[in-house]
Structures are given as structure tokens and as C-alpha cells.
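Trainee:
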Amino acid sequence: MSSLCLRRRALLQAQSFCTSAIGETLTFSAARRKLRCTSEPSEVINIFNAVQKLNGIAGARSVRDLAVRRLVKAQRFSDIETLLENQKKHPNAKVEKFLSDVILAYGRAKMPDQAIKTFYQMDELGCPRTVGSFNALLTALKDAEKFDRIIELFDEIPSKFGITSSSVSYSIVLKSLCDSGSPDKAYEKLKEMKEKGIKVTNISYTTLIDGFYKKKKPEEAEKIWDEMVKNGCSLDTPAYNAKLIYIANHGKPEEALKLLEEMGASNVKPDALSYNFLLMCYLKNGKKEEAKKVYEEMGRKGCYPDQVTYRIFMRYLVQKNDYDLGLEVCKKCVRRRKVPNFQIVSNLITGLVKNLKEEEAKQLIKMINDIFPPNVFPSNVLPDWRKLEAQFGLNKKEGSSSDE
Numbered sequence: 211m212s213s214l215c216l217r218r219r220a221l222l223q224a225q226s227f228c229t230s231a232i233g234e235t236l237t238f239s240a241a242r243r244k245l246r247c248t249s250e251p252s253e254v255i256n257i258f259n260a261v262q263k264l265n266g267i268a269g270a271r272s273v274r275d276l277a278v279r280r281l282v283k284a285q286r287f288s289d290i291e292t293l294l295e296n297q298k299k300h301p302n303a304k305v306e307k308f309l310s311d312v313i314l315a316y317g318r319a320k321m322p323d324q325a326i327k328t329f330y331q332m333d334e335l336g337c338p339r340t341v342g343s344f345n346a347l348l349t350a351l352k353d354a355e356k357f358d359r360i361i362e363l364f365d366e367i368p369s370k371f372g373i374t375s376s377s378v379s380y381s382i383v384l385k386s387l388c389d390s391g392s393p394d395k396a397y398e399k400l401k402e403m404k405e406k407g408i409k410v411t412n413i414s415y416t417t418l419i420d421g422f423y424k425k426k427k428p429e430e431a432e433k434i435w436d437e438m439v440k441n442g443c444s445l446d447t448p449a450y451n452a453k454l455i456y457i458a459n460h461g462k463p464e465e466a467l468k469l470l471e472e473m474g475a476s477n478v479k480p481d482a483l484s485y486n487f488l489l490m491c492y493l494k495n496g497k498k499e500e501a502k503k504v505y506e507e508m509g510r511k512g513c514y515p516d517q518v519t520y521r522i523f524m525r526y527l528v529q530k531n532d533y534d535l536g537l538e539v540c541k542k543c544v545r546r547r548k549v550p551n552f553q554i555v556s557n558l559i560t561g562l563v564k565n566l567k568e569e570e571a572k573q574l575i576k577m578i579n580d581i582f583p584p585n586v587f588p589s590n591v592l593p594d595w596r597k598l599e600a601q602f603g604l605n606k607k608e609g610s611s612s613d614e
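Residues in the sequence shown are numbered from 211 upward in steps of one, following the working numbering.
Shown next, in the form of C-alpha cells:
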């Protein structure tokens, strides 16, 4: 049977809520496991179909989102539209949370027109429309990076459908304006919130602080920081992190360290992101030993390195030809089941070989293959990984790409 026929058959199954080609209804958790092990579009659709008779909205969302991510990777946008449009025939389509999830899925797929269309169809689908689905639409447009449409619909929809914008609605608009490089306009919206008696939250202030720092306007960011404190909002980890990333990119390690100490004195616990920014700052200033100390102390401070920590530190070590420490950090990353960056691992292996450490390079490849599934790396670099395996005489594992 041709691949086109397989696609048509899979999509027809979706329309009638049939079970998948595997001939059984899967649980949500089983479907998620299967989706993580494939990127073949027809198989993705079949797996998704196999949970259509189940009723849980949260479980359906997790499977739907994973299926959509797989289809986005395969550039199968017509299949995504068919899959999501068929969700409107599901019994749960009368539930606002369910349709809100469909709207959000369209946003993640960068299909804003379909997200807007779904919101406007809610009446005919017999589904109530409240600020919840309105916020879902704003979020979908933000995810699709349609910032101009967000402002347009933010002004249009509330009066048209009798919806009152919430603090969450405004937070999405503030984030969109800042992401589009207009923190000054975002500040005008924040003043509008105050005029309307809508509570300005930590999230709103932090969004503006981050927005002004990203535009390299530290004085404006500090004004928002002071206003946040003056209005009784407690400074939290995200607020400090917004300042930390600016220092990491434009300041000195001493400033970053001082801010972390200030966090501790204020009973604000740094997270992995906080330490990553300090690590970046040390490395940017060529202070490897200080960076290594930060890396080693994270776990002792109850904040273990994450995938980004390993990537930042490993990239620096490989660039500086410190392959021994790079290998040590990479092994720790793999043991903690954090997928390493392929290009960094490839460069590390090349460096080990050049330094006559072929056995160490071989053992690293074997370790990665033993711990992770064969589809651990994205499809665009998987052939290169196979070449590395072959270079060291290791058995090849078949598989497709996974999400990173």
C-alpha cells in the first residue's frame, strides 16, 4: 500500500474515532510511550487514533501535544489540521477546556488562523466561551509569534463577546509586547491594568523587567524593579533571574555572585537557571575553575545541574580542548539521563581521538547507546551518530528521532 493511501486511511480512522492499526485502544500513558519512540507520521496518527475513545481531557492533551510536535517535525501541517479539526467532533468538544487545548495545539503548530477560527466556532460547537478560552487564543497567537494579531484581538474580542480581560490576559499581552521588542508599550498596558483595577502580579512586573533588560535598558528595568517592591510584590526567583541573565551577558562575575548572595539573604532560593547564568558569566570571563566550583556545588545546594548546565559547561571545555574534564562532565550528564547535545559530543569524541584516547571515546558512545533509546538524537544528525558508531565498530541501532 502506498504511503499516500496509508495517510488517507489513518485520517479516515480519526474521523470516526476508530482505534489504531494496532487493533486496540491504548491507555494515554502507553500512547505517550509509543509516540516518544517514533516520528513516522502515519504511525503517529494511528497511535493518536487509538486513544480517541478515552474521555480524560488532561490525558488527551498530553497525547495530542506530543503527536502534534511529531507532525510539526515532519512538516505535515495538513495532517495536523485534519487531526485537530476532527477533535471538534469529539463528545468533549462541548467542554471549554477541551477546545482551549485544541486552540493551544494550533498555536504550538504555528497555525494561528486555525486557532482563531476555532475560537470563533465555539458557539456553533455548543461550547461556552469565557476568558479561559480567550486566554488560550492569546497564548496560541503568542506561541505562533503573531504579536500584532494579539493586540488587535485583545482590543476586539472582549467587547464583541462580553469577556472581561483578566490579569492573565494582560500578562500574555505584556509578554508578547516585550518579546516583539516593545517593553515601553508593555509598560503602557501595565498602567492600563492599574487604571482598570486589575491586579498587577509578580509575573507582569518580571516580564517587563526582563523585557527592558533584553533591550539593554537597565535603568528602565531598575525602575520597574523598584515599582514592584513599592507596590508590595515580593521579589521572586524569576525576577532575580531576569537581572542575572543581563549581568551574565553584560556584567562581571562578582556582580552575579553578589546578586545570588542577595537572593539567599532575602530567602529567595536560586534555581538551576540562576546557577547557569553565574556559570555562563564565569566562563565568559575565562574563569574555568570558578565555573567548575559552581557546577560541583549545585547538587550540594539542593539544585542539581540540568540539561542546559551540562551543555554550557561541556561546550566551553571542548572549545578549550579540555577533553578530560569534558569527558567527566559528559559521563555525569548521561548517567543523570540528560540527553547531551550531539554536536558537542561529536566534537568531544573527535578531540579524544586526536589525543589518542580512542578507547575512552568508544566507551562514551557505548554508554550513550546503553542508557538512551536509539532515537535519542534528532533525525537530521542521526546518520552522523551512526557513522561514529561504525567508526568504532559498534552495532548500529535503528530508530527515528525524538524531541529534544
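Using N, Cα and C, we set each Cβ at its ideal position, and we do this for glycine too.
This one's a predicted model, so the numbers in the text were calculated from it and none came from an experiment.
Which whole-angstrom value describes the C-beta separation of Ile-575 and Leu-604, a residue pair presumed to lie in contact below a C-beta threshold of 8 Å?
Mentor: The Cβ separation is near 6 Å, so the contact holds.
Trainee: Using the Cα positions of Ile-232 and Val-273, report the straight-line distance between them to the nearest angstrom.
Mentor: For Ile-232, the pLDDT reaches just 47, beneath the cut-off of 50, and the residue's location in the model is therefore unreliable, although a value from the coordinates is still provided. Cα to Cα, the separation comes out at about 17 Å.
Trainee: In three-state terms, what does DSSP make of Ile-373?
Mentor: Ile-373 falls in the coil class under three-state DSSP.
Trainee: Would you report the Cα separation of Leu-236 and Leu-264, rounded to the nearest angstrom?
Mentor: Cα-Cα distance, rounded: 9 Å.
Trainee: When the distance is taken between beta carbons, is Leu-418 closer than 8 Å to Tyr-397?
Mentor: In this structure, Leu-418 lies closer than 8 Å to Tyr-397 by Cβ.
Trainee: Considering only residues of the same chain and omitting the five flanking positions on each side of Leu-562, which have a CB-CB separation below 8 Å?
Mentor: Closer than 8 Å at Cβ, skipping near neighbours: Tyr-533, Leu-537, Glu-568, Glu-570, Ala-571 and Leu-574.
Trainee: What does the Cβ neighbour count give for Thr-328, buried or exposed, with the cut at 16 atoms within 10 Å?
Mentor: That one is buried.
Trainee: Going by other Cβ atoms of all chains shown within 10 Å of its Cβ, with 16 needed for buried, is Glu-253 buried or exposed?
Mentor: Buried.
Trainee: If we call anything under 8 Å between Cβ atoms a contact, is Pro-448 one with Ala-482?
Mentor: The answer is no: Cβ separation not under 8 Å.
Trainee: Taking Cβ positions, are Val-544 and Met-524 nearer each other than 8 Å?
Mentor: No.
Trainee: In whole angstroms, give me the CA-to-CA distance for Val-282 and Ile-554.
Mentor: C-alpha separation (whole angstroms): 25 Å.
Trainee: Apart from the five residues on each side of it in sequence, which residues of its chain come closer than 7 Å, Cβ to Cβ, to Tyr-380?
Mentor: Lys-399, Met-403, Ile-408 and Ser-414.
Trainee: Could you tell me the alpha carbon to alpha carbon distance between Asp-594 and Gln-601, rounded to whole angstroms?
Mentor: Their Cα atoms are separated by approximately 10 Å.
Trainee: Please specify which runs of the alpha helix (DSSP H), each continuous and at least 4 residues long, are wholly inside the region 518-584, giving them in chain order.
Mentor: Correct list: 533-545, 552-564 and 568-581.
Trainee: Whole-angstrom Cβ separation of Phe-308 and Ile-267, contact assumed at under 8 Å?
Mentor: With a Cβ gap of about 5 Å, Phe-308 and Ile-267 count as contacting.
Trainee: Compare the Cα-Cα distances from Tyr-316 to each of Tyr-330, Pro-338, Thr-340 and Ala-350 and report the closest residue.
Mentor: For Tyr-316, the nearest C-alpha among the options comes from Ala-350.
Trainee: Out of His-300, Asn-302 and Arg-246, state which residue places its alpha-carbon closest to the alpha-carbon of Asp-275.
Mentor: Of the listed residues, the one whose Cα sits closest to Asp-275 is Arg-246.
Trainee: In this structure, how does DSSP classify Ala-600 when only helix, strand and coil are distinguished?
Mentor: Looking at Ala-600 - three-state DSSP - the assignment turns out to be helix.
Trainee: If we ignore side chains and look at the alpha-carbon of each, how far apart do Arg-242 and Met-321 end up?
Mentor: Each residue's Cα considered, the two are about 23 Å apart.
Trainee: Once the 5 residues before and after Ser-476 are set aside, which same chain residues still bring their CB inside 6 Å of it?
Mentor: No residues qualify anywhere along the chain.
Trainee: Can you give, in chain order, each stretch of the alpha helix (DSSP H) that sits fully within the region 331-416 and has at least 4 residues?
Mentor: Fully enclosed alpha helix (DSSP H) runs of 4 or longer: 341-353, 357-371, 377-389 and 393-405.
Trainee: Do Pro-251 and Arg-286 have their C-beta atoms closer together than 8 Å?
Mentor: Yes, they are a contact pair.
Trainee: Can you list, in chain order, the residues of its chain with a C-beta nearer than 8 Å to that of Ala-277? Leave out the 5 residues immediately preceding and following it.
Mentor: Excluding sequence neighbours, Ala-277 sits near Leu-245, Val-254, Ile-255, Ile-257, Phe-258 and Leu-293.
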